[in-house]
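Worksheet: the structure to be examined is printed underneath.
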DNA sequence: CGCTTGCTTGGAGTGCACTCCAGCGTTCTA
DNA sequence: TAGAACGCTGGAGTGCACTCCAAGCAAGCG
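Residue numbers (the UniProt record's numbering), protein chains in the order written: chain A, 1 to 151; chain B, 1 to 151.
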């Protein structure tokens, strides 16, 4: 039945789901799903498109994720929040796989992402200002309506 | 030829495109496209799905946007930046069309959106922290490599 | 042994937000 | 008054990021 568990759980809380039971270093796909908030489907899909490093397999061919894999998924989760396209994350993953000589390129990619995040925050703060103006307008309108009702 | 003009112009700058030539109060669809950064396609689509108020037409049936319409599009643009689904914006538009008795509901919708924006900003700041740690790691690695090369 | 639960695969399907097309009418400039 | 540029419509197509399906294998349990 795939055990979607808590699929993403829209309610607020620790961003990356539950904390991992430390000491362990081998997780099944459904454990990783629970830990990251991603579905097992998505985890397999990430692997297919080259967003994951090579994932270990059990003697029967089932995926066994390590703590290192979870760290990678945590980073991917953060990058996803910035709105970075999956294709760009795949590019980054390729650079990591390619070895140490890609440090420079990775550095640049991260810096560009950082700039994006900064301007995104600025945008959101601009939006917040608009929202606050509208909200205080509606608050006033509400008060006016209320006083009209009690008059 | 549809005159996409400056389609969205990924480069930084004034978020809502150019400033409107004030005094005027009738804009063709391509003027609005240039002003908002949306395409004419998207403007027509917004109308079809009920995201726009009724748009005036010229005697031959062409759209003539007013400054009020531009203001609405500016708000929509801001809400879009927050990641609000178009369906929710349509809901808000419906409330506006429904009249004054929906003030309360609109107020709540805006407040919920405000909370979303706040937590989005917090998320992005968390991501920024992660990014900064990674960036300084790569900066150090770069320096180490450089000193190795000159050694 | 049968049953349930969990995992495997390649490929097809979904939902969102556009994006474009064909075929036609209108408006502007030379 | 020709020709280019712009606008109209309904409907089809696109790209992204998942999301699901069917058929089958493997382990644990009463």
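Each residue gets a CB set at the ideal place from its N, CA and C atoms; glycine is no exception. Please read all numbers here as calculations on a predicted model, not as lab measurements.
Item                                                                                                                                                                     : Value
For the alpha helix (DSSP H) that contains residue 80 of chain A, what are its first and last residues?                                                                  : 67-81
Give me the subset of the region 110-139 of chain A whose CB atoms are less than 8 Å from a CB atom of chain B, sorted by chain position.                                : 110, 111, 113, 114, 117, 118, 119, 120, 121, 123, 124, 125, 126, 127, 128, 130, 131, 132, 134, 135, 138 and 139
Give a yes or no on contact between the region 124-142 of chain B and the region 120-132 of chain A, applying the rule of three or more CB pairs nearer than 8 Å.        : yes
Shorter than 8 Å from the beta carbon of residue 106 of chain A to some beta carbon of chain B?                                                                          : yes
Identify the contact partners of residue 142 of chain A in chain B, using a Cβ-Cβ distance below 9 Å as the criterion.                                                   : 103, 104 and 107
In the structure shown, what three-state DSSP assignment does residue 57 of chain B receive?                                                                             : strand
Run the CB neighbour count on residue 96 of chain B, radius 10 Å, all protein chains shown included, and call it buried at 16 or more, exposed below.                    : exposed
Hey, residue 77 of chain A and residue 28 of chain A are a contact pair by Cβ (cut 8 Å); roughly how many whole angstroms apart?                                         : No, residue 77 of chain A and residue 28 of chain A are not in contact; Cβ-Cβ is about 19 Å, not under 8 Å.
Going by the DSSP bridge assignment, what does residue 27 of chain A pair with across the sheet?                                                                         : A:65
I need the boundaries of the alpha helix (DSSP H) containing residue 41 of chain B, first residue and last residue.                                                      : 40-48
Out of B:26, B:107, B:145 and B:133, which one is the CA nearest neighbour of residue 66 of chain B?                                                                     : B:26
Counting only C-beta atoms, is residue 51 of chain B closer than 8 Å to chain A at any point?                                                                            : no
Buried or exposed, going by whether 16 or more other CB atoms sit within 10 Å of the CB of residue 106 of chain A?                                                       : buried
How about residue 50 of chain B and residue 98 of chain B: are their beta carbons less than 8 Å apart?                                                                   : no
With a threshold of 16 other CB atoms inside 10 Å of the CB of residue 12 of chain B, please say whether the residue is buried or exposed.                               : With a pLDDT of 29 at residue 12 of chain B, under the threshold of 50, the modelled position of this residue cannot be trusted, and the question is left open.
Measure the Cβ-Cβ separation of residue 113 of chain A and residue 131 of chain B and say whether it is below 8 Å.                                                       : yes
Say whether chain B places a C-beta atom closer than 8 Å to the C-beta of residue 81 of chain A.                                                                         : yes
According to DSSP, is residue 128 of chain A part of a helix, a strand, or is it coil?                                                                                   : helix
Using a Cβ-Cβ distance under 8 Å, would residue 95 of chain A count as near chain B?                                                                                     : no
Against residue 35 of chain A, what residues of chain B qualify as contacts under a CB-to-CB distance less than 8 Å, listed in chain order?                              : Neighbours of residue 35 of chain A on chain B: none; closest Cβ ~17 Å, over 8 Å.
Just the chain B side, please: which residues come within less than 9 Å of residue 75 of chain A by C-beta, in chain order?                                              : 130 and 134
Round the Cβ separation of residue 110 of chain B and residue 134 of chain A to the nearest angstrom and send it over; I've been treating them as touching at under 8 Å. : 6 Å
Using DSSP with H/G/I as helix, E/B as strand and the rest coil, what is residue 104 of chain B?                                                                         : helix
Would a check of beta-carbon distances place residue 147 of chain B closer than 8 Å to chain A?                                                                          : no
Can you confirm whether residue 26 of chain B, when its beta carbon is compared against all beta carbons of chain A, has any partner nearer than 8 Å?                    : no
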